[in-house]
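So the sequence shown is residues 13 to 918, counted in this note's numbering. Think of the CB as a built atom: it goes at the ideal place given N, C-alpha and C, for glycine as much as any other residue. Single-structure report; data block below.
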Amino acid sequence: NKKKYSSLLYEPMNFWTDFGRALLETPRWEEVSGYDENLNTIRTYQVCNVFEPSQNNWLLTTFIDRRGAQRIYVEIRFTVRDCSSIPNVPGSCKETFNLYYYETDAVIATKGTAFWMEAPYLKVDTIAADESFSQVDFGGRLMKVNTEVRSFGPLSKNGFYLAFQDYGACMSLLSVRVFYKKCPSVVQNFAIFPETMTGAESTSLVIARGICIPNSEEVDVPIKLYCNGDGEWMVPIGSCTCKAGFEPDNACPPGTFKSTQGPGLCLQCPPNSRSTAEAATICVCRNGYYRGDADQPDEPCTSVPSSPRNVISIVNETSVILEWHSPRETGGRDDVVYNIVCKKCRADRRACSHCDDNVVFVPRQLGLTETRVFISNLLAHTLYSFEIQAVNGVSNKSPYPAQHVSIDITTNQAAPSIVPIMHQISSTMKSFTLSWPQPEQPNGIILDYELRYYEKTWCTFSHVTNTARVEGLRPGTVYVVQVRARTVAGFGKYSSKMCFQTLTDGKSELREQLPLIAGSAAAGVVFIVSLVAISIMCKLSLRADMSNCSSPLGCPTHFSGSPGMKIYIDPFTYEDPNEAVREFAKEIDVSTVKIEEVIGAGEFGEVYKGRLKLPGKREIYVAIKTLKAGYVEKQRRDFLSEASIMGQFDHPNIIRLEGVVTKSRPVMIVTEFMENGALDSFLRQNDGQFTVIQLVGMMRGISAGMKYLSEMNYVHRDLAARNILVNSNLVCKVSDFGLSRYLQDDTSDPSYTSSLGGKIPVRWTAPEAIAYRKFTSASDVWSYGIVMWEVMSFGERPYWDMSNQDVINAIEQDYRLPPPMDCPSTLHQLMLDCWQKDRNVRPRFGDIVSTLDKMIRNPTSLKAVANIPSVDLLRIGVTLAGHQKKILSNIQSMRVHMSQSPTTMA
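Structure follows, in structure tokens:
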């Protein structure tokens with residue numbers, strides 16, 4: 013097989029032509045004629061001195077160049093006569109001979125020398141015949157030919173000699189073939205592998221590196237094959253594949269393309285596109301046709317849609333409904349959406365300007381998928397021009413403006429808009445005087461204002477001016493007040509609820525005189541201090557009933573134990589929750605958001621990783637929560653409530669809200685991206701990889717975030733490691749501010765269980781919150797203790813495989829989680845402090861931060877490891893069935909404990 017073998021020497025006759033005549037030590041070996049097994053006449057070397065004892069007859073080849081081979085194979089064809097067939101043969105007759113080799117860098121033997129007798133030959137093998145001959149016919153000998161193959165190596169010098177030793181046999185050498193094995197040059201997986209010699213041993217594997225054939229490129233590297241000892245290729249690693257624009261054997265011809273690498277074939281250009289050269293990776297769109305940013309190269313090129321048709325309008329006071337028909341031509345696409353351009357014009361139509369920002373479009377102004385929009389908050393008796401644009405995925409590629417249709421409407425008479433704010437001018441024990449500005453949109457002449465207030469029940473009266481004195485009140489009492497304006501079109505909406513308080517005894521005289529001495533600087537200071545004090549008292553009084561003050565202008569906005577500290581406002585206390593979204597969450601233009609990949613799924617839709625590029629800022633990675641299609645308004649409100657909550661927080665250990673997208677679909681909440689994901693899964697994936705100090709640093713970050721939330725009077729309710737996110741610097745940030753969704757009965761998360769009609773994360777929740785729904789910062793502290801236990805156990809499930817009801821029963825009987833393995837006793841004691849049954853004696857988050865800071869400054873306090881109570885040893889053993897890698901350390905700990913307490917064995 014010439015592909016696998018390269019011969020160094022073939023038939024014996026070649027001794028004379030290629031390598032010179034064989035060298036003989038004595039005339040014992042002689043060149044004679046004979047017959048092979050097919051009775052063909054052949055020339056052989058033979059020896060047959062069987063009647064003389066102590067034979068030592070040598071036949072030596074000339075020098076053979078090894079040509080780089082490391083292992084040499086010798087194929088010998090020979091015959092041997094059966095000693096028993098020779099009459100009177102002595103006992104020294106043999107039926108075997110020896111094969112030797114000698115390795116050298118140069119020719120050192122010539123005819124007539126005794127080199128073979130003196131050189132240090134290496135024996136290859138003793139060769140024996142499978143069949144010997146004894147039959148005599150046609151007056152001569154009939155030989156039975158044997159073929160034997162031997163190999164030797166490794167070789168390192170330039171060449172070698174072969175020697176054949178006869179020591180008493182009657183035999184003939186018919187041919188000697190000397191060769192080596194190689195793996196032939198081959199093309200495999202679009203890579204060229206060169207001819208490769210086999211290794212020094214028959215089991216050796218020689219690595220051959222491959223080179224990609226022209227117009228192909230590497231897929232996996234390195235590209236290599238292994239050549240085995242039999243000259244066969246095996247174990248392909250890596251491969252090449254055709255480049256984009258090429259298929260096997262040729263380039264893509266004009267009119268075709270191939271956009272990706274791989275073994276696939278070239279494709280015909282899709283409609284409205286063409287390629288004019290070979291090896292095209294994409295077909296260029298024809299004039300007037302385009303590809304959208306998300307369109308694939310094998311999709312047809314498309315064009316922009318025509319304008320919308322048949323627009324109609326329905327005007328109702330200061331709102332209007334616009335409806336229209338779809339364009340006749342969609343440009344060959346199914347992603348047509350509509351944008352509304354609103355302009356406010358003079359009555360003579362000579363000048364128009366863009367509408368005010370407070371104009372509301374439902375469902376939105378841009379990216380409408382329906383052919384209907386409701387527009388409100390317009391000015392009364394005003395001419396508006398609305399432009400309805402039809403756009404699709406390639407409209408931004410076209411040099412021409414979006415196709416549109418315009419319609420002009422004039423609004424009707426309307427009620428006044430809401431009164432934005434109220435101010436307290438003065439107060440006595442039984443009255444206070446209030447003032448407010450005119451509504452931003454009076455929509456006509458204000459006839460009067462209606463004021464309503466209540467302590468326990470509503471009281472209402474009308475007043476002409478925008479200042480009113482409310483009398484007949486109780487001293488030292490907080491009242492909630494609202495006001496609305498009236499025109500000939502009727503009443504507008506009530507203002508947001510505001511809190512005002514009458515004075516207690518001894519303050520009325522000073523309070524009455526304050527407006528009269530306002531010019532005095534000293535009195536001015538007293539006046540300001542009084543206002544601040546009354547505001548704080550109002551806020552303190554209503555702290556227990558937050559639902560009475562929903563407006564950001566009401567009590568909760570500025571209430572705090574410390575001056576200047578913001579207070580959390582529940583977005584569900586707003587009459588219109590969308591107002592909370594607009595106030596606390598920045599609207600982001602959808603064009604600045606690029607979605608890249610799905611990283612999870614939330615309750616309302618999928619969660620993506622993406623990038624955000626705001627004008628004037630660098631591009632950053634973000635996490636994007638989306639609201640799935642087909643939502644109802646309540647789902648949208650619940651979804652955006654988390655953004656209304658998150659947008660009120662600004663702390664390095666609280667997940668940061670970048671903004672929301674509410675004016676196009678899908679609705680999105682965009683937050684900073686945390687590379688390492690949820691803390692519980694991150695710890696499980698890195699079990700045992702962090703030091704105690706690193707773990708304490710993580711816990712310190714979580715407690716700092718919770719301290720900030722508690723100071724804002726925000727109660728998390730669902731603090732757990734699964735709701736802590738970790739960035740690339742191991743900074744932990746509190747997230748998931750939507751526990752209200754778990755208070756419904758439609759959740760299926762096994763971490764939560766029903767309690768009093770809602771869903772509670774039992775393993776993390778304080779007993780008073782489970783039993784009585786008393787959620788406070790103290791109950792968050794209990795949950796924080798469970799998070800500490802999760803961190804120190806590297807994501808172990810609290811209370812292991814106990815059922816939720818078993819956990820509740822155990823806690824009621826004062827059972828507390830034991831320390832995780834190798835947990836410092838100081839940390840476990842802090843956990844136990846967080847799990848105090850009396851919530852009033854639990855540490856505050858500020859105390860926890862200080863305690864952890866002391867531990868970090870004094871690492872020696874973390875060296876003492878907490879002992880595991882004997883009652884928990886069996887539970888730990890059961891738990892280890894799913895955590896085999898912790899078994900040895902746990903067994904060692906249990907041995908120490910048992911040695912100290914022999915009764916544990918019972």
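Collapsed DSSP secondary structure at residue i in the structure displayed
i: L707; result: helix
i: K135; result: strand
i: V919; result: The requested residue 919 is not part of the displayed model; the chain covers only 13 to 918.
i: Y301; result: coil
i: T394; result: coil
i: N816; result: helix
i: L378; result: coil
i: N68; result: coil
i: F694; result: helix
i: D346; result: coil
i: W2; result: Because residue 2 is not part of the residues shown, which for the chain are 13 to 918, the question remains open.
i: L615; result: The amino acid occupying residue 615 in the given sequence is Glu; Leu does not appear at that position. Coil at E615, not helix or strand.
i: K255; result: coil
i: D758; result: Residue confidence for D758 is low, a pLDDT of 37 falling below 50, so the modelled location carries little weight; the figure read from the coordinates is stated next. The answer is coil: DSSP assigns D758 none of H, G, I, E or B.
i: I457; result: coil
i: N370; result: coil
i: I437; result: strand
i: K646; result: helix
i: K442; result: coil
i: M833; result: coil
i: A175; result: strand
i: G717; result: helix
Sheet register partners of residue i (DSSP bridge)
i: A306; result: A306 is not bridged to any residue.
i: E329; result: According to DSSP, which records beta bridges pairwise, E329 is partnered with nothing at all.
i: W470; result: Y466
i: G267; result: None, per the DSSP bridge assignment.
i: P166; result: DSSP, once it has assigned bridges, lists no residue as partnering P166.
i: C364; result: C357
i: W245; result: C239
i: Q494; result: R464
i: T108; result: A140
i: F145; result: R93
Distance, residue j Cα to residue i Cα
i: V602; j: G671; result: 11 Å
i: V92; j: D137; result: 16 Å
i: Y796; j: K621; result: 28 Å
i: V349; j: R384; result: 11 Å
i: C252; j: S287; result: 26 Å
i: R89; j: M183; result: 11 Å
i: L731; j: T604; result: 32 Å
i: G504; j: P432; result: 12 Å
i: Q802; j: R696; result: The question names Gln, yet the displayed sequence has Glu at residue 802. Each residue's alpha carbon lies about 10 Å from the other.
i: Y179; j: V161; result: 21 Å
i: G573; j: F749; result: Low confidence applies to G573: its pLDDT is 34, below 50, so where it sits in the model is not reliable enough to give any reading.
i: I421; j: G379; result: 22 Å
i: N299; j: V593; result: 44 Å
i: Q280; j: V406; result: 22 Å
i: E64; j: D117; result: 37 Å
Residue i: first and last residue of the uninterrupted alpha helix (DSSP H) it sits in
i: I579; result: It is not in any alpha helix (DSSP H) - I579 carries neither H nor E in the DSSP assignment.
i: C846; result: S837 to C846
i: N590; result: P589 to F596
i: A781; result: P779 to Y784
i: S789; result: S789 to M804
Range of the contiguous beta strand (DSSP E) that encloses residue i
i: D601; result: Note, D601: premise wrong, no beta strand (DSSP E); not H, not E.
i: L51; result: Unbroken run through L51: none, as it is neither H nor E.
i: T863; result: Here T863 belongs to no beta strand (DSSP E); instead the alpha helix (DSSP H) covers F857 to R869.
i: D420; result: Q415 to T422
Cβ-heavy atom distance, residue i to the ligand FMN, below 6 Å
i: I98; result: The ligand content of the structure shown is nil, which means the ligand FMN is not present either.
Worksheet item: Using 8 Å as the threshold, is the region 854 to 871 in touch with the region 804 to 819, meaning 3 or more CB pairs across them?
Response: With the rule of 3 Cβ pairs closer than 8 Å, the region 854 to 871 does not count as touching the region 804 to 819.
Discussion item. Assess contact between the region 97 to 112 and the region 231 to 250, defined as three or more Cβ pairs (one per stretch) separated by less than 8 Å. Is contact present?
Written reply: With a cut-off of 8 Å, the region 231 to 250 and the region 97 to 112 do not count as touching, because too few Cβ pairs lie within range.
Item to complete: Report yes or no: do three or more beta-carbon pairs, one from the region 673 to 690 and one from the region 824 to 842, lie closer than 8 Å?
Response: They do not touch, by the three-pair rule.
Worksheet item: Taking three-plus beta-carbon pairs below 8 Å as touching, is the region 771 to 787 in contact with the region 701 to 713?
Response: The region 771 to 787, when compared against the region 701 to 713, does not touch it at the 8 Å Cβ threshold.
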